[in-house]
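Just so we're aligned, residue 18 is where the sequence shown starts under my numbering, counting upward by one. Each residue gets a CB set at the ideal place from its N, CA and C atoms; glycine is no exception. All values derive from a computational prediction rather than experimental measurement.
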Amino acid sequence: MAVPLSPPAAVATGTAYTRARLTTQVQALLADRRVAGAGPTAPRGRLATPAGLRDCVNALGATGAPLAVDLATFDGSPAAIFVLPAAGGGREVWVVSPSCRPGADGTRYFTRLP
């Protein structure tokens, strides 16, 4: 099912996400009120565009717009961190390739948070 709402613009916080700290890092991302496009580096590439974000969200099979998207690193490699509402409550966190697109989302890690 295609995402009906436009996802928020991505940010590039410069965060070095890790599996061990992901929960607290995602909480900090959701609490951060920075302006999209702000941060140590401006978002670049496919996911810096609304169309690229929509394509990636659709590739993940999400049914709602993301709560946040951060173009950063995960365990030392470039990644996009998507925080999505989970069916039944909570949040899904998808760590994907920064070149995520239909047919090649590049999922690196997935978890569900309360």
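Quick check: the Cα distance between residue i and residue j, rounded to an integer number of angstroms?
| i | j | result |
| --- | --- | --- |
| residue 98 | residue 111 | 6 Å |
| residue 76 | residue 121 | 8 Å |
| residue 79 | residue 131 | 17 Å |
| residue 67 | residue 107 | 24 Å |
| residue 175 | residue 43 | The question about residue 175 has no answer here: the residues shown for the chain are numbered 18 through 131. |
| residue 61 | residue 105 | 33 Å |
| residue 88 | residue 129 | 19 Å |
| residue 39 | residue 96 | 13 Å |
| residue 41 | residue 32 | 12 Å |
| residue 74 | residue 119 | 9 Å |
Comparing alpha-carbon positions, which option in the options lies nearest residue i?
| i | options | result |
| --- | --- | --- |
| residue 94 | 124, 85 and 78 | 124 |
| residue 26 | 102, 82, 109 and 127 | 82 |
| residue 34 | 28, 92 and 72 | 92 |
| residue 72 | 39, 113 and 29 | 113 |
Return the chain-ordered list of same chain residues with a C-beta closer than 6 Å to the C-beta of residue i, the five sequence neighbours on each side being excluded.
| i | result |
| --- | --- |
| residue 36 | none |
| residue 63 | 69 and 116 |
| residue 109 | 101, 103 and 129 |
Where does residue i sit, in a helix, a strand or coil, going by DSSP?
| i | result |
| --- | --- |
| residue 32 | coil |
| residue 85 | strand |
| residue 95 | strand |
| residue 129 | strand |
| residue 90 | strand |
| residue 101 | strand |
Quick one: what's got a C-beta closer than 7 Å to residue i's C-beta in the same chain, skipping five residues either side?
| i | result |
| --- | --- |
| residue 47 | 84, 85 and 100 |
Any beta carbon of chain B sitting closer than 8 Å to that of residue i?
| i | result |
| --- | --- |
| residue 32 | The structure shown contains no chain B; it holds only a single protein chain. |
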